[in-house]
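Undergrad: After the structure tokens below, expect a handful of questions from me.
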């Protein structure tokens with residue numbers, strides 16, 4: 565389900581958050597799908613349960629998943645993406661870095677836009 569890179573500079577909980585969100589976006593995880601419990605996920609990934617718990621808490625904060633006491637953790641049924649000003653600034657900063665790096669690789673605006681469109685198609689986004 566998830567591939568964790570222990571050698572990555574990115575914290576493991578962030579890798580979990582990103583991959584779960586990507587799987588939701590791609591349709592691999594559907595609304596109402598049950599996620600493994602914290603204990604099950606930590607065993608599957610051979611990581612500390614606290615790391616999984618931190619990732620699940622972040623996903624709940626972002627309303628991507630919900631935990632129902634006694635039943636489990638599920639992909640949110642009626643998830644409605646909303647713009648978070650802090651996240652919006654993070655995305656803008658990331659895009660700025662991409663544009664700068666692309667410039668120094670000799671890529672133009674049209675090529676960057678084409679890449680973004682390819683990524684949207686890959687993720688199943690319209």
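Residue numbers (the working numbering): 565 to 690. In this text, a Cβ means the ideal position worked out from N, Cα and C, and glycines have one as well.
Going by the DSSP bridge assignment, what does residue 632 pair with across the sheet?
TA: 636
Undergrad: Quick one: grab the DSSP three-state call for residue 599.
TA: Strand.
Undergrad: Over the uninterrupted alpha helix (DSSP H) stretch that includes residue 679, give me the two end residues.
TA: For residue 679, the uninterrupted alpha helix (DSSP H) run begins and ends at 673-687, by DSSP.
Undergrad: So the candidates are 663, 567, 580; which of them puts its Cα closest to the Cα of residue 621?
TA: 580
Undergrad: Which value, in whole angstroms, describes the spacing of the CA atoms of residue 668 and residue 677?
TA: 16 Å
Undergrad: Can you tell me whether residue 571 is helix, strand or coil according to DSSP?
TA: coil
Undergrad: Can you tell me where the alpha helix (DSSP H) holding residue 583 begins and where it ends?
TA: If you look at residue 583, you'll find it in the alpha helix (DSSP H) that goes 576-590.
Undergrad: In angstroms with no decimal places, state the Cα-to-Cα distance between residue 595 and residue 623.
TA: 14 Å
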